[in-house]
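Participant: Have a look at the structure that comes next, please.
Residue numbers (UniProt numbering), protein chains in the order written: chain A, 1 to 235; chain B, 1 to 235.
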């Protein structure tokens, strides 16, 4: 029985850390006091401890206690025993490399599949998909694989960004990049705009937040789905 | 004796393919008729043949003949015999994966070090650096290594983009990404803006084009260098 929230971002413009999604998290983590935080993605290269303190301050607003995975002598045991897990954003290459290096990739997946509640933002949501091939991050380290947890049967592109009108920059748009991805991979990609999240309860996948999401299926033109859309059949 | 041009981009806004740099290429390839084109990066997923035809049309303006590497039965022999090589942009992960898969990585490096003239744009310039860890591209395929040709003793970030004023998007800026890179890697990074290129003659490395470049050295604040700056001591 899966219970997941996979969010595009931790923070929306002009708002505090997790602020936009705290009411949702309050309901999602109802009855849970302690949340295990995976700080491996280290946004901007901050330390595990500094990152954990940011997560602690965010969750304090809904009276949850947060402990960083780096604080445990045995991270596998910590993940196995956790009732609720939060993986924050940062660099997906680093996050995935560290999950493999610390041998917590399979325990994390097993724990979530047994029912531990899982909340991810950005890189932490990316790893909920089949692979990390649709991350936006810079490949600052070389992970042993791009395979991720496969908690949903598609890939996620967090921080999905529409083409900027009047841009004179010649780098690829996000849509062009995902089109390139589909030359070599067949799974769908959900482009999650900032402020959107996927709510997964057992096998039901629902788009939440105020915005539409953009869906990319291999071989067909991309299309928009409205908030509250049921994405359970996307695979 | 190395002769290289590593350009940020093939195309600047409002101008045709290679148009801005054709006068430079005309001088650089003086005395050479045939250019071997490496089409592996496949921008937007186009075929090797379609990509080669774009390169052919571009170089026709300075009366050069272009042949795609995919047209040869023996790509190693083609690279070993080439007097001039051009690698176009697209996806760096795909380019690097294909260089390794087709066993042309070492022959390409050897050919350039023996004196074959090399021109790269975007992904084709990225591979001139020590590693591809500072590419902007989406990791659509998994290459066997992030190590690249090391023709210059630093990394390159092509299409370097300054932070957008007033952006409400919460994804990392380019500068933040390179800062994260320097948490795990020590080599300098040259942020090459569109319209800039590096000219390498033997061990002399010079910034060309009209714009400044942004230099990131590990442990010190980034700084700007002017066009025609000598970057030979950057390592």
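C-beta: ideal position from N, C-alpha, C; glycine also.
Sort out for me which residues DSSP pairs residue 118(B) with in a bridge.
Facilitator: Its beta-bridge partners are 4(B) and 85(B).
Participant: Tell me where the beta strand (DSSP E) around residue 213(A) begins and ends.
Facilitator: Unbroken beta strand (DSSP E) run through residue 213(A): 213-216.
Participant: Is it buried or exposed for residue 27(B), if we count other Cβ within 10 angstroms and need 16 for buried?
Facilitator: Label assigned to residue 27(B): exposed.
Participant: Can you name the residues that DSSP bridges to residue 37(A)?
Facilitator: DSSP, once it has assigned bridges, lists 68(A) and 86(A) as partnering residue 37(A).
Participant: Anything in the region 208-231 of chain B with a Cβ closer than 8 angstroms to a Cβ of chain A? List those residues in chain order, please.
Facilitator: Flagged: no residues at all.
Participant: As an exercise, report each continuous alpha helix (DSSP H) stretch of at least 4 residues that is fully enclosed by the region 122-209 of chain B, in chain order.
Facilitator: Whole alpha helix (DSSP H) segments, 4+ residues: 123-126 and 174-181.
Participant: Which first and last residues belong to the alpha helix (DSSP H) in which residue 53(B) is found?
Facilitator: Taken as a continuous stretch (DSSP letters only), the alpha helix (DSSP H) holding residue 53(B) covers 48-60.
Participant: Could you list the residues in the region 88-111 of chain B with a C-beta less than 7 angstroms from some C-beta on chain A, going in chain order?
Facilitator: So the list reads 91, given in the order they occur along the chain.
Participant: Is the Cβ-Cβ distance between residue 38(B) and residue 92(B) less than 8 angstroms?
Facilitator: In this structure, residue 92(B) does not lie closer than 8 angstroms to residue 38(B) by Cβ.
Participant: Does the beta carbon of residue 142(B) sit closer than 8 angstroms to a beta carbon anywhere in chain A?
Facilitator: It does; some Cβ of chain A falls within 8 angstroms.
Participant: Suppose you measure from the CA of residue 61(B) to the CA of residue 159(B); what does that come to, to the nearest Å?
Facilitator: So the alpha carbons of these two residues sit roughly 24 angstroms apart.
Participant: Decide if residue 228(A) is buried, meaning its Cβ has at least 16 other Cβ atoms within 10 Å, or exposed.
Facilitator: By the neighbour-count rule (16 or more Cβ atoms within 10 Å), residue 228(A) is not buried but exposed.
Participant: Suppose you measure from the CA of residue 76(A) to the CA of residue 65(A); what does that come to, to the nearest Å?
Facilitator: Between residue 76(A) and residue 65(A), the C-alpha separation is close to 20 angstroms.
Participant: CB residue 10(A) to CB residue 195(A), shorter than 8 angstroms?
Facilitator: No, the Cβ-Cβ distance between residue 10(A) and residue 195(A) is not below 8 angstroms.
Participant: Under 7 angstroms between beta-carbons, which chain B residues line up against residue 45(A)? List them in chain order, please.
Facilitator: Within 7 angstroms Cβ-Cβ: 179, 180 and 183.
Participant: Tell me the rounded alpha-carbon separation between residue 176(A) and residue 217(A).
Facilitator: Distance between the alpha carbons of residue 176(A) and residue 217(A): 13 angstroms.
Participant: Which first and last residues belong to the beta strand (DSSP E) in which residue 223(B) is found?
Facilitator: That run of the beta strand (DSSP E) goes 223-225.
Participant: Could you tell me whether the Cβ atoms of residue 142(B) and residue 146(A) are closer together than 8 angstroms?
Facilitator: In this structure, residue 146(A) lies closer than 8 angstroms to residue 142(B) by Cβ.
Participant: Beta-carbon within less than 7 angstroms of residue 22(A)'s beta-carbon, same chain only, minus the 5 sequence neighbours each way: which residues are those?
Facilitator: Once the five neighbours on either side are set aside, the close Cβ partners of residue 22(A) are 61 and 62.
Participant: Quick check on residue 230(B): does DSSP put it in helix, strand or coil?
Facilitator: Strand, per DSSP.
Participant: Would you kindly report the start and end of the unbroken alpha helix (DSSP H) that includes residue 104(A)?
Facilitator: Residue 104(A) -> no alpha helix (DSSP H), and no H or E assigned at all.
Participant: Rounded to whole angstroms, what's the CA-CA distance from residue 190(B) to residue 118(B)? Just pull it up for me.
Facilitator: The alpha-carbon atoms of residue 190(B) and residue 118(B) are separated by roughly 19 angstroms.
Participant: If the cut is a Cβ gap below 8 angstroms, which residues of chain D does residue 159(B) touch?
Facilitator: Judged by its chain identifiers, the structure shown contains no chain D, and its protein chains are A and B.
Participant: Is the number of C-beta pairs between the region 169-189 of chain A and the region 118-137 of chain A that are closer than 8 angstroms three or more?
Facilitator: Yes, the region 169-189 of chain A touches the region 118-137 of chain A.
Participant: Do the CB positions of residue 161(B) and residue 169(A) come within less than 8 angstroms of each other?
Facilitator: Yes; because the gap between Cβ atoms is below 8 angstroms, this pair is in contact.
Participant: By alpha-carbon positions, which one of 59(B), 71(B) and 5(B) ends up nearest to residue 49(B)?
Facilitator: Answer by Cα proximity: 71(B).
Participant: Using the beta-carbon count (16 or more within 10 Å), is residue 144(B) buried or exposed?
Facilitator: Result: exposed.
Participant: Check whether the Cβ atoms of residue 4(B) and residue 108(B) sit closer than 8 angstroms, and answer yes or no.
Facilitator: No; because the gap between Cβ atoms is not below 8 angstroms, this pair is not in contact.
Participant: Which value, in whole angstroms, describes the spacing of the CA atoms of residue 231(A) and residue 126(A)?
Facilitator: The alpha-carbon atoms of residue 231(A) and residue 126(A) are separated by roughly 16 angstroms.
Participant: Mind reading off the beta-carbon distance from residue 96(B) to residue 148(B)? Whole number of angstroms is fine, and I expect it under 8 angstroms.
Facilitator: Between residue 148(B) and residue 96(B) the Cβ distance is about 7 angstroms, and since that is below 8 angstroms, they are a contact.
Participant: Going by C-alpha distance, which of 187(A), 193(A) and 34(A) is nearest residue 220(A)?
Facilitator: If we check each option's Cα against that of residue 220(A), 187(A) comes out closest.
Participant: Nearest CA to the CA of residue 181(A): which residue from 200(A), 34(A) and 155(A)?
Facilitator: Nearest of 200(A), 34(A) and 155(A) to residue 181(A), Cα basis: 155(A).
Participant: With distances taken Cα to Cα, identify the nearest neighbour of residue 211(A) among 205(A), 225(A), 203(A) and 201(A).
Facilitator: Of the candidates 205(A), 225(A), 203(A) and 201(A), the one whose C-alpha sits nearest the C-alpha of residue 211(A) is 225(A).
Participant: Just reading off the alpha helix (DSSP H) that residue 29(A) is part of, what are its end residues?
Facilitator: Segment: none, residue 29(A) is in no alpha helix (DSSP H) and carries neither H nor E.
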